[in-house]
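Novice: Okay, so the sequence shown: first residue is 1 according to our numbering, each after it adds one.
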Amino acid sequence: MLIEKMKDYISRLHEKSSGSRSLSKWTKIAITSAICFVVGITATTVTVLSIRTAKQHSSVGGFEFSAIPDFKEDFLDETENVVSTEDSSVDTDEYKAAQALLAEEGDVVLEEAPEEDLTLTYQTYRVKSGDMIGFIADKYDVTQDTIISINNIKQSRLIQVGQFLKIPSMPGILYSTKSKGETPATIAEKYKVDAEKCAIVNCMAVDTELDAGTSIFVPDAQLDWATRQEINGDLFRKPLHSRYYLSSYYGWRDSPFNTGKRSFHTGIDMACSSGTPIYPAMDGVVTSAGYDATYGNFVIVQHHSGYKTLYAHMSKITCKKGNFVYTTTQIGKVGSTGLSTGPHLHFTVYKNGKTVNPLGLLN
1 MLIEKMKDYI SRLHEKSSGS RSLSKWTKIA ITSAICFVVG ITATTVTVLS
51 IRTAKQHSSV GGFEFSAIPD FKEDFLDETE NVVSTEDSSV DTDEYKAAQA
101 LLAEEGDVVL EEAPEEDLTL TYQTYRVKSG DMIGFIADKY DVTQDTIISI
151 NNIKQSRLIQ VGQFLKIPSM PGILYSTKSK GETPATIAEK YKVDAEKCAI
201 VNCMAVDTEL DAGTSIFVPD AQLDWATRQE INGDLFRKPL HSRYYLSSYY
251 GWRDSPFNTG KRSFHTGIDM ACSSGTPIYP AMDGVVTSAG YDATYGNFVI
301 VQHHSGYKTL YAHMSKITCK KGNFVYTTTQ IGKVGSTGLS TGPHLHFTVY
351 KNGKTVNPLG LLN
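Okay, structure coming up:
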């Protein structure tokens, strides 16, 4: 019907054009092509919709009701073993076997999930150029804490290309007992993990008492956030929020007073203009604020996890002992008091009473 209408339209168009003035050859071709294109698209659309409708109707039911349907048992007995013999390609034995298989499927029992393998094993990985601990951890489905703990990494930014790392078969950390009498149960409680799993992994009973210094793998445990930040170099903020340069590093150095002797420098010297504000590297409580012949005006702030920080050679102290200070609290100003060759801040970090290199901790 559509094609007949198109033909009629083309005829009337030719008659109209001949009655007035003839259309050019290329105009006629263009009009004819456009009409044919529309006819083709329409026919294709109708065909596709017909096929889709036919497919949908071949796999659906009809006249369904919400009630449970009734059936006659005698009808089922009569028909359940009937096999059509009109199609000679049907194998009766194969058909019966298929029926038996389908009947059994109703009694299928799901198998229980396999138990988790708690055998602790290790493999080695050689660090490549561009590797980061996080990427390596993801590759072996463990945590960054796992790799850091197992390999006793003190600064994650300093892993070297070619370095070999031990990778355990499950996430967790290595724990060294602090005192005699600790057990897998008490250790698991400390890290909020499964005590029985901890005992099985280490091939011991839950209540086994351990000697001080015994190493035990604690599955699923994580490092405390302070230790993690320390190792990743994100624990402390810089005490100077303005420009400075390092005039002296942590470690052994020649005496700055031309004595010809070498001494161990317990912190870093941050040289800048006199009067520059000084801030705590981490929140804490001021435990000392006063004057010392060597350090001049100084302040000591105590933090959590056994950390203390020292700020020395100040021109002025702007806090008092007992004050709780934040990283945004000004505690003094840069100066050159005490044994000093020029304005700078001497900054020392103590961990459990021992000095550590501040550069590995500053963010």
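For every residue, glycine included, the Cβ atom is placed at its ideal position computed from N, Cα and C.
Find out if the Cβ-Cβ distance for the pair Lys-351, Tyr-291 is shorter than 8 Å.
Specialist: Locating residue 351 in the sequence shown gives position 351, counting from the first residue. Locating residue 291 in the sequence shown gives position 291, counting from the first residue. No. Outside cutoff.
Novice: Cα-Cα, which of Ser-176, Asp-234, Thr-348 and Ala-34 is closest to Phe-264?
Specialist: Sequence index remark: in the sequence shown, residue 264 carries index 264 (1-based). Of the candidates Ser-176, Asp-234, Thr-348 and Ala-34, the one whose C-alpha sits nearest the C-alpha of Phe-264 is Thr-348.
Novice: Given this structure, state the Cα-to-Cα distance separating Gln-155 from Pro-358, to the nearest angstrom.
Specialist: Counting from one through the sequence shown, the residue named residue 155 turns up at place 155. Counting from one through the sequence shown, the residue named residue 358 turns up at place 358. Straight-line Cα distance between these residues: approximately 12 Å.
Novice: The beta strand (DSSP E) that contains Phe-298, what's its start and end?
Specialist: The count along the sequence shown starts at 1 and reaches residue 298 at position 298. Here the beta strand (DSSP E) through Phe-298 covers 296 to 302.
Novice: Let me confirm a value: Asn-258 is counted as buried when at least 16 other C-beta atoms fall within 10 Å, else exposed. Which label applies?
Specialist: For the purposes of this step, residue 258 is taken as residue 258 along the sequence shown, with counting starting at 1. So Asn-258 counts as exposed.
Novice: Report the rounded CA-to-CA distance for Tyr-191 versus Val-206, giving the unit in angstroms.
Specialist: For the purposes of this step, residue 191 is taken as the residue at position 191 of the sequence shown. For the purposes of this step, residue 206 is taken as the residue at position 206 of the sequence shown. About 15 Å.
Novice: Quick one: grab the DSSP three-state call for Phe-257.
Specialist: Here the question's residue 257 lines up with position 257 in the sequence shown. It is coil, neither helix nor strand.
Novice: Just to confirm, is the Cβ distance from Asn-363 to Asp-224 under 8 Å?
Specialist: Here residue 363 is taken as the residue at index 363 of the sequence shown, counted from 1. Here residue 224 is taken as the residue at index 224 of the sequence shown, counted from 1. No, these two residues do not count as a Cβ contact at 8 Å.
Novice: Tell me whether Arg-126 sits in a helix, a strand or coil according to DSSP, three-state version.
Specialist: Counted from its first residue, the sequence shown places residue 126 at position 126. It is a strand residue.
Novice: On the three-state DSSP scale, how would you describe Glu-189?
Specialist: Here residue 189 refers to the residue found at position 189 of the sequence shown. In the structure shown, Glu-189 sits in a helix (DSSP, three-state: H, G or I).
Novice: Pick from Leu-120, Ile-331, Asn-151 and Lys-178: whose alpha carbon is nearest that of Pro-239?
Specialist: Reading the sequence shown from its first residue, position 239 is the one you call residue 239. Checked all of Leu-120, Ile-331, Asn-151 and Lys-178; the closest Cα to Pro-239 is Ile-331.
Novice: Using the rule of at least 16 other Cβ atoms within 10 Å of the residue's Cβ for burial, across every protein chain shown, is Met-314 buried or exposed?
Specialist: Translated into positions along the sequence shown, residue 314 becomes position 314. It is buried - the Cβ of Met-314 has at least 16 other Cβ atoms within 10 Å.
Novice: In whole angstroms, what is the alpha-carbon distance linking Glu-295 and Gly-260?
Specialist: As a position in the sequence shown, residue 295 is number 295, starting the count at 1. As a position in the sequence shown, residue 260 is number 260, starting the count at 1. Inspection of the sequence shows that residue 295 is occupied by Tyr rather than by Glu. Cα to Cα, the separation comes out at about 21 Å.
Novice: Cutting at 7 Å between CB atoms, please list the residues of its own chain near Gln-302, excluding the five before and the five after it.
Specialist: As a working mapping, residue 302 is identified with position 302 in the sequence shown. Closer than 7 Å at the Cβ level, and outside the excluded window around Gln-302, lie Gly-284, Val-285, Thr-287 and Lys-308.
Novice: Can you tell which of Asp-131, Ala-34, Tyr-122 and Val-356 has its C-alpha closest to the C-alpha of Gly-251?
Specialist: Taking the sequence shown and counting its residues from 1, one reaches residue 251 at position 251. Cα-wise, what sits closest to Gly-251 is Val-356.
Novice: Nearest to Thr-318 by alpha carbon, out of Tyr-125, Ser-340, Pro-277 and Glu-196?
Specialist: Taking the sequence shown and counting its residues from 1, one reaches residue 318 at position 318. The residue with the shortest Cα to Cα distance from Thr-318 is Pro-277.
Novice: For the ligand NAD, any of its heavy atoms closer than 7 Å to the Cβ of Glu-182?
Specialist: Because no ligand of any kind appears in the structure shown, any question about the ligand NAD cannot be addressed here.
Novice: On the CB-based measure, 16 or more other CB atoms within 10 Å of its CB, does Glu-116 come out buried or exposed?
Specialist: For this step, residue 116 is matched to residue 116 along the sequence shown. With fewer than 16 other Cβ atoms within 10 Å, it is exposed.
Novice: Less than 8 Å between the C-beta atoms of Asp-269 and His-346, yes or no?
Specialist: Position 269 of the sequence shown holds residue 269. Position 346 of the sequence shown holds residue 346. It is a contact, given that the beta carbons lie within the stated cut-off.
Novice: Is the distance from the Cβ of Thr-183 to the Cβ of Thr-208 below 8 Å?
Specialist: Looking up residue 183 in the sequence shown gives position 183. Looking up residue 208 in the sequence shown gives position 208. Yes, the Cβ-Cβ distance between Thr-183 and Thr-208 is below 8 Å.
Novice: What would DSSP say about Arg-262, mapped onto helix, strand or coil?
Specialist: On the sequence shown, position 262 is the one that residue 262 refers to. Reduced to three states, the DSSP call for Arg-262 is strand.
Novice: Over the uninterrupted alpha helix (DSSP H) stretch that includes Phe-236, give me the two end residues.
Specialist: As a working mapping, residue 236 is identified with position 236 in the sequence shown. No alpha helix (DSSP H) contains Phe-236, which DSSP labels as neither H nor E.
Novice: According to DSSP, is Lys-316 part of a helix, a strand, or is it coil?
Specialist: Stepping through the sequence shown from its first residue, residue 316 is reached at position 316. In this structure, Lys-316 counts as strand in the three-state DSSP scheme.
Novice: Whose C-beta lies closer than 7 Å to the C-beta of Ala-185 among residues of the same chain, with five residues either side of it excluded?
Specialist: Walking along the sequence shown from the start, residue 185 turns up at place 185. So the list reads Ala-195, Val-206 and Asp-207, once near-sequence residues are dropped.
Novice: Pick from Ala-312, Lys-139 and Thr-341: whose alpha carbon is nearest that of Met-170?
Specialist: As a first step, residue 170 is located in the sequence shown; it is residue number 170 there, counting from the start. The shortest C-alpha separation from Met-170 is found at Lys-139.
Novice: Measuring CB to CB, does Thr-341 end up less than 8 Å from Asn-297?
Specialist: By 1-based counting over the sequence shown, the position of residue 341 is 341. By 1-based counting over the sequence shown, the position of residue 297 is 297. Against a cut-off of 8 Å, the Cβ pair of Asn-297 and Thr-341 comes out as no contact.
Novice: In the DSSP output, which residue or residues are listed as bridge partners for Lys-354?
Specialist: Within the sequence shown, residue 354 is the residue found at index 354, counting from 1. According to DSSP, which records beta bridges pairwise, Lys-354 is partnered with Lys-351.
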